[in-house]
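Number of protein chains: 2
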Amino acid sequence: MDYKIKSRIWIEADGNILLGEGRVSLLKAIAETGSLSKAAKKLGMSYKKAWALIDAINTRAAKPAIVTNIGGKGGGGATLTPYGATLIEVFEKINKNCWRFLDKQIKKSELE
Amino acid sequence: MDYKIKSRIWIEADGNILLGEGRVSLLKAIAETGSLSKAAKKLGMSYKKAWALIDAINTRAAKPAIVTNIGGKGGGGATLTPYGATLIEVFEKINKNCWRFLDKQIKKSELE
DNA sequence: TAGCGTTATATCCTATCAAATATAACGCTT
DNA sequence: AAGCGTTATATTTGATAGGATATAACGCTA
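As they're listed, the protein sequences go chains D and B.
1 is the number of the first residue of the first sequence in the numbering used here; add one for each residue after it.
113 is the number of the first residue of the second sequence in the numbering used here; add one for each residue after it.
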């Protein structure tokens with residue numbers, strides 16, 4: 001039998017979810033498109049959900065990860081802050097390290 | 113800000129979930145009670161869900177983890193196999209190791 | 001000042017998952 | 001042979017999360 005081990009990690013602040021894989025994807029899509037609505041469409045996600053996620057991230061993080069603007073050039077938009085970029089970087093690094101670690105663990109276990 | 117990192121791991125066989133935290137809890141409850149229905153009640157889970165989980169585990173694992181009996185002494189029952197005990201042991205060990213690993217990682221990251 | 005594309009927000013609607021319920025089948029016990 | 005408590009299974013019901021839709025507010029642009 002060929003067993004594989006999978007994982008999901010997330011960061012919590014005060015017992016509330018701050019950042020997981022889905023939220024990181026959203027942050028990256030916003031960084032690429034400069035817009036919350038375009039990022040949502042790109043990911044096949046409703047605007048409502050995307051907005052709720054960003055709101056949760058911003059209210060729970062030590063500093064905002066996304067800055068939004070209503071009106072103005074192009075109608076407005078959303079941009080990733082340097083702090084948001086740091087969050088992405090840290091999350092993805094730890095996530096990859098976790099995968100490697102677990103692969104070693106399952107091999108060491110010698111399950112049949 | 114006090115960030116914590118959380119994780120869930122699970123084992124897959126042929127792309128299907130074989131074992132996760134909830135299923136391990138169920139296996140342990142069956143080992144303690146000797147009965148699928150009692151284990152379900154103990155965990156506040158419906159019998160239907162418990163049965164479906166055990167069925168999924170048994171059909172996907174290399175060998176059965178639980179043996180069930182209809183009728184007979186006490187009406188029947190369910191018992192954990194030695195292979196099932198091994199699965200629990202391996203899962204819980206890797207899970208604990210994963211927690212320790214991630215704690216180190218988040219401290220090393222020095223997120224603020 | 002009118003128009004635009006965006007964020008922000010409320011309301012309604014629907015699809016999906018799980019709980020609840022009912023019932024059959026089974027084999028030891030007495 | 002009747003009874004018991006269990007596994008196994010189908011069907012109905014209910015709750016909840018998310019999608020769809022509509023609309024207001026906003027500030028630059030032209």
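For glycine and all other residues, C-beta sits at the position ideal for the given N, C-alpha and C.
For residue 67 of chain D, not one C-beta of chain B is nearer than 8 Å to its own C-beta. Around residue 136 of chain B, the same chain offers 200, 203 as residues with beta carbons nearer than 6 Å, after the five sequence neighbours per side are excluded.
Taking all protein chains shown into account, residue 147 of chain B has 16 or more neighbouring C-beta atoms within 10 Å of its C-beta and is therefore buried. Counting C-beta pairs with one atom in each stretch, the stretch 45-53 of chain D and the stretch 172-192 of chain B have fewer than three that are closer than 8 Å, which means they do not touch. Rounded to the nearest whole angstrom, the CA to CA distance from residue 4 of chain D to residue 106 of chain D is 8 Å. Pairing residue 41 of chain D with residue 79 of chain D, the inter-Cα distance amounts to about 16 Å. Residue contact with chain D for residue 123 of chain B: present (Cβ-Cβ distance below 8 Å to some residue of chain D). In this structure, the straight-line span from the alpha carbon of residue 144 of chain B to that of residue 189 of chain B is close to 12 Å. With its beta carbon at least 8 Å from every one in chain D, residue 144 of chain B lies outside the interface.
At a C-beta separation below 9 Å, residue 54 of chain D has no neighbours in chain B, since its nearest C-beta there lies roughly 18 Å away. The beta carbon of residue 39 of chain D lies closer than 7 Å to those of 26, 29, 30, 33, 50 in the same chain, with the five residues before and after it left out. Going by DSSP, residue 13 of chain D is part of the beta strand (DSSP E) stretching over 3-13. Within chain D, the residues 7, 8, 9, 10, 98 have their CB atoms less than 8 Å from the CB of residue 119 of chain B, given in chain order. Taking a C-beta distance under 8 Å as the contact criterion, residue 169 of chain B and residue 131 of chain B qualify as a contact pair. Annotation note: the stretch 118-181 of chain B contains the following uninterrupted beta strand (DSSP E) runs of length 3 or greater, listed N- to C-terminal: 128-131. For residue 84 of chain D, there is no enclosing beta strand (DSSP E); the enclosing alpha helix (DSSP H) has its first and last residue at 82-109.
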